[in-house]
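The block underneath contains the structure these notes are about, expressed in structure tokens.
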Amino acid sequence: MLKTELTLDEGEEVGAGETAAVLASPGETATEWRARAEVYHLLSGVFVEEPGREFIEALRAPAALADLAATGLRFDEDFLATPLDVLLENLAIEYTTQFACTGGFPPVESVRLTGRYKQQPNFDVMQTYQRLGFALHPGRFEVFADQLGVELMFVAKLLERGAAALDQGDVAAQRRLDKEIKRFWSQHLGRWVRGYSQLIERTAQHSFYREMARFLGGFAGEEIEAMGLRIEDADQARLEVPKTEVRVEFNPNEPVCNGCMTDALSTTLAAPDNLRRFEELRDLGGLR
Amino acid sequence: MEMPKVTRRTFLKVSATTGAAAAAAPRLLNAMETQLGGKDFGPVTGAERKAIPINCHVCNIQDGAIAYVENDRVVKLEGNPEHVSTRGRLCAKGNSGMWYSYDPDRILYPLKRVGARGEGKWKRISWDEALTELAAKLDAAIKEDPNTIMLKFGRQRTGGVIDRFMHTLGSATIVNHTSVCESSKKIGMEPTWGPDIETPDFANAKYVLNFGSNILEAAYFHNPLSQRITEGRVDNHMKIVTFDVRLSNTAGFSDEWIPVHPATDGAVALAMGHVILRENLQDSDFINTWTNVSVDELKKHYQQYTPEWAAKISGVPVETIERIAREFATTKPATLFTYRGPAKHLYGSYNEKACMMLPIMTGNIETQGGYCLPRGMGWPQPSPQPGKPKKASYLSHPPDYPLAGHKVSHLVPFWIADGKQKINVYITYQDNPVYTNPGAMAVWGKLFKDEKLLPYLVSMSPFMGEETALADLILPDCPYLERWEPESMPNSLWPWLGIRQPVHKSLGESRENRIMMRDIIWKLDPDGKRGMKQFWDFKDGEAYMRHHFDNIPGLKEAGGLDFLKKHGVWPIYGKLDPKSGKVTDKTGREIKAEYGLFKKELSAADMAGTATDKNGVISKNGKAIGVKRNGKNYVGFPTGNRIINVRVDQWAEYGFNPMPTFKRIPWHETMKEDELILTTFKLNVHKQSRTAAVKWLAEIAHSNPLWINQATANKIGVKTGDLVRVESRAGHLVTKAYVTEGIHPKTVAIPTGFGHWEYGRLATLKLKEKKGDASHGQEDPDLNNVWWDDKGVHPNNIIPVVADPIGGSQGWYDTVVKVSKAGPNDKYGDSQGDWQKHYDAYKETMRYAYTGDLHRKMHPEMASWAGPASVKAHEGGGH
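Each protein sequence line maps, in turn, to chains A and B.
Each residue of the first sequence is one higher than the one before, starting from 3 at the first, in the working numbering.
Each residue of the second sequence is one higher than the one before, starting from 2 at the first, in the working numbering.
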């Protein structure tokens, strides 16, 4: 597990890119950060290694299932109605198939972004962990520093630190951590997690991983939006979006002379956003 | 003063006309990354990268290499300029070696099978769970009979660890892969002059005969030898003649390519010997002094091998045989090289022997530019060592093949199926016979799936090869860049010692082989009471290496293992000259090799306490150490009698011809007009089974059409790209044709190393075949970047077993096939063999063993042999 030995520097001004969260009261922010940290820990537990008995028992508790259902997760009987021992075995096998065996899809940033283990992202995140006073220790199995579960765990730790800082009235420290989290999302998680979650949603044979992948994707999208970040998803598995659903700032089929807009419109009007956009374009055209 | 007006247009114009001057202008500042090897710099940071010398192990040439490391990650591999054999050059395979470490399909954890064998369902388990389970299986097997534990290895360079492990367990069932490699070459040579291979001094030769070796691409030692043969060709103006069924790149590089009928090289070599002896072109002094036959005996024996006889068999014209024989015998120095071409046949040992007789009878042995003994160095093993098992293993030393000192591993499945030896635990290391052996999936796949014949199957492997995919337990081994291993390979005329050392931390939970085996033993004997642990008392791989290297005279003074860690190789003979590419001494001259090793005289100290017999053999403490010739005491050759045995008496004991001879493949003699012989070959960027998942290499070569001669193709109406059906006695395949004049009309050829059905997403390209299946990474969109969709077709399913009754080699190039246009039901990539048909082939080939009913028929000249019952029990030669 990540072992923290973080000390915080003093005195840094609020800068550009910081979220509105700091504008809420410190107490509210601390509560929110702890809640976010819990979700990160949960997702980290799903992906860092095969789930343990306590982890699954807690997840299958009625209250937890209800909350997960409220977020839109729909587990099948293979998760809900299978005896615990059998379920743990099934999940261990499914984990191996999906994440830890030839032919699977390692939840590792280097693999997703470069096609190979232990490439630059691995060393970059390791450097970040070290810079912030963390050391990576093996759990049941040795994992890479840029493994999904570890990256999520790292953000959870930063959130907890931030909440603790707020408890002590150290807003500056919390702001610095907010920056670190955003930087980490921009440089790492945000570049691969959304596409990867879609891949696992497609390939998972067990509803637990299918739904947790959906949860991961939704949560990642929400976090990115809430933090006000714009990050391109560079994961190899990002879905190819049909052209008709692409939200564009311009009409990609439009000739440069802008003289044949009518024909080109028919191919891009299916999505409501596009429709709105082209209505705006028409209005602008009318002004000329 | 008016300044010149320089616009973008004017300076572009100026640059176009002044380029030559600019090129000649002094350049004092050079990017350090362009310097001659040994150092490397990050192109962005300019910082010097950490350089760790190793010996490459993508294939088995053992090139000296340097791994450049940034952040515990290999960013580049290149040749080690201090390595005397490979002199700073590394081939494409070596340059790509880091792909093994970082392959996304690499196995990083112990895996336990949870579905049916081969179903692909695994569960990750801890090392402790894995070792506990395996130890229990081994323990039970040891109690029943240690020999029921079998270990079969492929490309292993552990330097003695495998034997130590198996001997610790008490098992003699250790099986290598050499019979599908070059064992009949070895057995053709070893009883004759001692070592199992030659070192041709190409760089200094004036004439080279090359029988069936693709030196520039694939032969043993292709990197160092291709350097030397190019030097000989360019600097020394040597002539090279290549006998090959196919216009390989080496044949194309040669002065003459002579397309010989498959399996008849031996006849051509014998006929050339006939011409040399008939025309008195032999080196009589060498023959009479250094061999166990006289010139007269040899002349008499070779009378039967006329050029007319060989021409009829081989298709090589009489005039060509005579001309080349004369050229070879009268051009000094001359050398000869063979690899699989002559040796991979039913009687491959005879063929090899026939070839090596040419440099012997012309006295080109151990001369500058000649046919030299291999140079190697050894290392001591850590003490104490376990004793050898008391009970012999049938599979390790099959009694029907007593001369096959390198075993007959490709017949093992049939012997297990026949109940010749029971196996409880089968361990495999760096092997993949399900892909690489004759019969492939049809034979080994069937064996491995049979849980009655092989109740427990353990694979030590970093990759999910065709064999590992059928295992019950997978222990994640390390690829070569993460291992400690001792090395020495006779790949030039200068002996050397070297190491592989981990260049970065092993990934995941993979463990190198010697650590894995130590941990198994420790689990079996935790407190040492069983007497096993004492043989495995080392902390790590480096500590083990210190046992090997810290006390070798010379190296010890240089620093032992620490010297090797720094340089990768010892000794350092000189400095690599970047202009000539040669290793030079302090005066700038190329270092010279030592020749005439067998003519080294024994010292007075050596001679103390010796006895010399009537044949001149000098013995000490019961072991022959030299030979007396012309009044001098020489070290001689490393044979039992210290001279070259042209006549191998041991062969005669088993009813084989002890003198150089040739046996035609019986089923080749009865081939019908529409039948062809199927051969296989390797490309320069692939090895047998372990490179198809290396992206850089797969991009260069990923498919393997069938080479077929234009005239042959015309007969069946096939052109390049057409689908063809290739049928042997054991199965059929469907592939594409490549029509060319560059192959013998009676031969077709398929490159090996393609058509994988396991080995990861890149090797299998299953994404392209079957979308929607989550296995093999099919859904991985990175594969969309793979622009090719042809992974090739694997030929081994249809190649039946053939075993040389002497050397034990597989007759890879003996398969008779019919080739036709593909039919409506044929699909590209079909490759099917049939167990029963392969089994029939096994029964057939056993008939040629010395115990078989065809042995006598094939050897009418040995009519006086008293039969199998007359043979005393002998241990096979070799190792």
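Using N, Cα and C, we set each Cβ at its ideal position, and we do this for glycine too.
Ranked by Cα distance from A:L82, the first of A:G105, A:F101, A:I58, A:Q149 is A:I58. Checking the DSSP bridge columns, you'll see B:P487 partnered with B:I500. For A:G151, not one C-beta of chain B is nearer than 8 Å to its own C-beta. About 7 Å separates the beta carbon of A:T73 from that of A:F217, a gap short enough to meet the 8 Å contact definition. Taking 8 Å as the cut-off, the Cβ atoms of B:N425 and B:A131 do not count as close.
Note that the C-beta distance between B:T174 and B:M151 is below 8 Å. Excluding the 5 residues flanking it on each side, B:H58 has same chain C-beta neighbours closer than 7 Å at R158, Y481, R501, in chain order.
Restricting attention to B:N72, B:A355, B:H411, B:G732, the CA atom closest to the CA of B:N438 is found in B:H411.
Nearest Cα to B:E486 within the set B:D256, B:L565, B:A606: B:L565. With a cut-off of 8 Å on Cβ pairs, the segment 672–690 of chain B is not in contact with the segment 65–77 of chain B, counting fewer than three such pairs. By alpha-carbon distance to B:L299, the top candidate from B:W758, B:Y814, B:P661, B:V686 is B:P661. Remark: fewer than three beta-carbon pairs, one from each stretch, lie closer than 8 Å, so the segment 114–133 of chain B and the segment 98–105 of chain B are not flagged as touching. Taking the Cβ atoms as the reference, B:K186 lies roughly 5 Å from B:E353, within the contact range of under 8 Å. Not one beta carbon of chain B lies nearer than 8 Å to the beta carbon of A:T130. Straight-line spacing of the CA atoms in B:S460 and B:I475 works out to 5 Å.
Taking 8 Å as the cut-off, the Cβ atoms of B:R515 and B:G542 count as close.
Taking C-beta separations shorter than 7 Å and ignoring five residues to either side along the sequence, A:C103 has no partners in its chain.
In the assembly as shown, A:S27 is an exposed residue. Its beta-carbon has fewer than 16 other beta-carbons within 10 Å.
The three-state secondary structure of B:R114, taken from DSSP, is strand. For B:L278 and B:Y303, the gap between their C-alpha atoms comes out near 8 Å.
Beta-bridge analysis with DSSP links B:H733 to B:E728, B:Q833. C-alpha of B:N705 to C-alpha of B:A693: approximately 12 Å in a straight line. For A:F49, there are no neighbours in chain B by C-beta distance under 8 Å, as the nearest C-beta there is about 14 Å away.
Within the segment 679–725 of chain B, the runs of alpha helix (DSSP H) that reach at least 4 residues and sit entirely inside it are, in chain order, 696–701, 711–717. Here B:E728 is near B:V818, since their CB atoms are less than 8 Å apart. Following the DSSP letters along the chain, one finds B:K124 in no alpha helix (DSSP H) but inside the beta strand (DSSP E) bounded by residues 123–125. Taking 8 Å as the threshold, the shortest C-beta distance from A:E144 to chain B falls below it.
Cβ atoms of B:G853 and B:A731 stay farther apart than 8 Å, at about 20 Å. According to DSSP, B:V426 shares a beta bridge with B:I150, B:Y457.
Annotation: A:R196 to A:L134 spans about 25 Å, alpha carbon to alpha carbon. Close to A:F125, with beta-carbon spacing below 9 Å, are these residues of chain B in chain order: E71, N72, D73, R74. The segment 583–637 of chain B is shown to contain whole beta strand (DSSP E) runs of 3 or more residues at 618–621, 624–630, 633–635, in chain order. The beta-carbon of A:R118 is placed less than 8 Å from the nearest beta-carbon of chain B. B:H505 is not a Cβ neighbour of B:E488, given a cutoff of 8 Å. Against chain A, a Cβ distance below 9 Å from B:S127 picks out R142, F143.
Taking B:V409 as the centre and dropping the five residues before and after it, the same chain places the C-beta of S180, P399, Y402, A804, G809 closer than 6 Å to its C-beta, in chain order.
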